[in-house]
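Shown next, in structure tokens, is the structure this report addresses.
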Amino acid sequence: MRVRVNTNLHYSSAIARDIFLGLIKKRKREDFSALFMDIVEFISEETKKAFEESREQTIRIATFKEGFMPGVNSRKIAPLAMRCSEQDQLDYLHQFYAQQSSDSKIVVYGETENSTKCCCCRLTNKTDLFLSHDGMICRECVASFISSQLRINHLPLKIPIVTAPGTSPLELLYAILPLPVVSLLLKKSFAFFKCLEYPCMLFLQCPNCLASLAVTERSDFNSCSCSSCGWAWCYLCNWEPHWPMSCEQFKRWSERWDTQYLFDKVYMDSEKEIRMCCNCERVFEIPGNSPLYPFHCPSYRCGWGYTEDGEYAHCHTYGTPTSPRMRQHIRALSADVKYCDECGVRTTGVLKAKRLIRKDVARICVEARSQRIERSNRDAFRRNVSKLFLPKAEQYRVVDLRITVLFLVENCTAWLYLNGCNEYGDLRKAVAQLFRQLLAIQRETWYTRDQIAVKVEEMEKATSEFISLFHQRTAAV
66 MRVRVNTNLH
76 YSSAIARDIF
86 LGLIKKRKRE
96 DFSALFMDIV
106 EFISEETKKA
116 FEESREQTIR
126 IATFKEGFMP
136 GVNSRKIAPL
146 AMRCSEQDQL
156 DYLHQFYAQQ
166 SSDSKIVVYG
176 ETENSTKCCC
186 CRLTNKTDLF
196 LSHDGMICRE
206 CVASFISSQL
216 RINHLPLKIP
226 IVTAPGTSPL
236 ELLYAILPLP
246 VVSLLLKKSF
256 AFFKCLEYPC
266 MLFLQCPNCL
276 ASLAVTERSD
286 FNSCSCSSCG
296 WAWCYLCNWE
306 PHWPMSCEQF
316 KRWSERWDTQ
326 YLFDKVYMDS
336 EKEIRMCCNC
346 ERVFEIPGNS
356 PLYPFHCPSY
366 RCGWGYTEDG
376 EYAHCHTYGT
386 PTSPRMRQHI
396 RALSADVKYC
406 DECGVRTTGV
416 LKAKRLIRKD
426 VARICVEARS
436 QRIERSNRDA
446 FRRNVSKLFL
456 PKAEQYRVVD
466 LRITVLFLVE
476 NCTAWLYLNG
486 CNEYGDLRKA
496 VAQLFRQLLA
506 IQRETWYTRD
516 QIAVKVEEME
526 KATSEFISLF
536 HQRTAAV
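In my numbering, the protein residues as written are 66 to 542.
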């Protein structure tokens, strides 16, 4: 049986491999003839599932980009990944393939009297010839020699071309092989030599700027930051960093949290009815003082007037399309969206607020997230720190520590909520204590530098101990 492998596909998950092996092992002898069609159906379903997951990841970074952006994720949680473009790979491989100046004397062992004959195929009608140790070699023979090595995964590659001192023969391959093949052999050669130094090296692609990256060491948080644009993400699911939650846990949490945060970040303790506009995603209270309608969207660009049942008058065949963010809010709230019977345009204009996450948990997460995400809060803290610490490195250290603590408070509280915080009383107390320490430092930024420096050192130590404690407890789950 011949198997064709698509190198652009990701490795299958362990669950998918087990299902595939079970499909073959459980096949009875009399049903073995239908195995081929079952395998084709299985592969088609897995490919469709992978496409849907890839589309979901793309939608996530496009619709909820605030969790990926630079300035809201710390370097401790998402360390900087190494840039790994083709030019970077060429520069690194130059030391392994370029001829040294001490070996500048080129020795050719083959026949040199006929410079128009290929030393491999012995043909004389070739025009693209390159110098090798056995004489002149044509482009087709070089391509065949290198392709055969790639086919059997023979590394490091042997390139039968002699170049001038200080010049790498890899640069000449662009004139010999197709560009995708050159990119493949550069990546494989780069990985071969780099993995000798860093066995856990992993190739990545930034979901924002699509830059080629690599991480030399696996992070305990499964996250990294792009060295080109600064965006951070989890390289297991391409969503925003979410340690200590697993990828599946974070997806379940985000289905409710993304909506709950919009309601609670301003109207946590409001006693009035809260609504969300389906067109502009504005959250507002119902004033109840309009002579025509009970309420209307306060957004200037929107300004729709709504009736008591949350519907608004519309022009037939014209309506604002529902955004992907709003579709998620509709699913989270289980809202009954109505459409016009004549033209099919959505007539439901607002969504009624609903408690999706327990209030005490949401209060902690909202406070931590707003301190970390909202630009006004970040800028205010950065200005206060710049007055106390003159060196840029010290300022960056304190700001990054604050982001780390806020990230841990939000995500660890969510993890405790999903896993039942009653069983982890010590972890719940550790989260509250760490948050109180940070709030104390933020209140004391107007005091002397020495006092703040002592608090920062204590906070760094407490953060490291907190991460170690969570690593120990989450590993047992």
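Note that beta-carbon positions come from the ideal geometry of N, C-alpha and C, so glycine has one too.
Reduced DSSP category for S169 - H, G, I as helix; E, B as strand; rest coil: Per-residue confidence for S169 stands at a pLDDT of 47, beneath the threshold of 50, marking its modelled position as unreliable; the derived number appears in the next sentence. Correct three-state label for S169: coil.
Helix, strand or coil for R411 per DSSP? strand
Hey, would you say T469 sits closer than 8 Å to C430, going by beta carbons? no
C-alpha gap between P230 and K253, whole angstroms: 24 Å
Which residue marks the beginning of the alpha helix (DSSP H) containing M391, and which one marks its end? P389 to L398
Which parts of the region 239-289 are runs of the alpha helix (DSSP H), unbroken and 4 residues or longer, counting only runs that do not cross its ends? 244-262
Bridge partners - K417, DSSP secondary structure assignment: R340
Per-residue burial, Q325 [other beta carbons within 10 Å of its own, 16 or more giving buried]: buried
Should T181 go down as buried or exposed, given a rule of 16 or more other Cβ atoms within 10 Å for buried? exposed
From this set, R125, M310, L453 and S197, which residue's C-alpha is nearest E509's C-alpha? L453
So V521 and I506 are supposed to be a Cβ contact under 8 Å. How far apart are they, rounded? 7 Å
So, using beta-carbon positions, are A279 and F268 closer together than 8 Å? yes
Using 8 Å for Cβ pairs, my map puts F500 next to A433. What's the rounded Cβ distance? 7 Å
I need the DSSP call for W308, collapsed to helix, strand or coil. coil
Residue range of the beta strand (DSSP E) that C302 falls in? Here C302 belongs to no beta strand (DSSP E), and DSSP marks it neither H nor E.
Just to confirm before moving on: does the CB-CB distance between I142 and P306 stay below 8 Å? yes
Considering only the beta carbon of each residue, do A146 and S292 sit closer than 8 Å? yes
Let's test the definition: count the other Cβ atoms within 10 Å of the Cβ of A427 and tell me whether it reaches 16, buried, or not, exposed. buried
Grab me the residues of S150's own chain with a C-beta within less than 8 Å of its C-beta, minus the 5 sequence neighbours each way, in chain order. A276 and S277
Anticipated Cβ contact below 8 Å, C184 with M201, distance rounded: 6 Å
Assigned exposure category for L416 - 16 Cβ within 10 Å defines buried: buried
What runs of the alpha helix (DSSP H), each 4 residues or longer, lie entirely inside the region 448-515? 457-484 and 490-508
Closest to H219 by C-alpha separation, out of G409, S248 and F257, would be which residue? F257
Shortest alpha-carbon distance to L158 belongs to which of A240, K259 and G136? K259
Proximal residues to S167 (C-beta, below 8 Å), its chain only, five neighbours per side dropped: Residue confidence is low: S167 scores 48 on pLDDT, short of 50, so the model does not pin down where it sits. Its coordinate-derived value is still stated next. Closer than 8 Å at Cβ, skipping near neighbours: no residue.
Per DSSP, C203 forms a beta bridge with which residues? L194
In terms of alpha-carbon separation, which member of C271, W296, F101 and P245 lies closest to V137? W296
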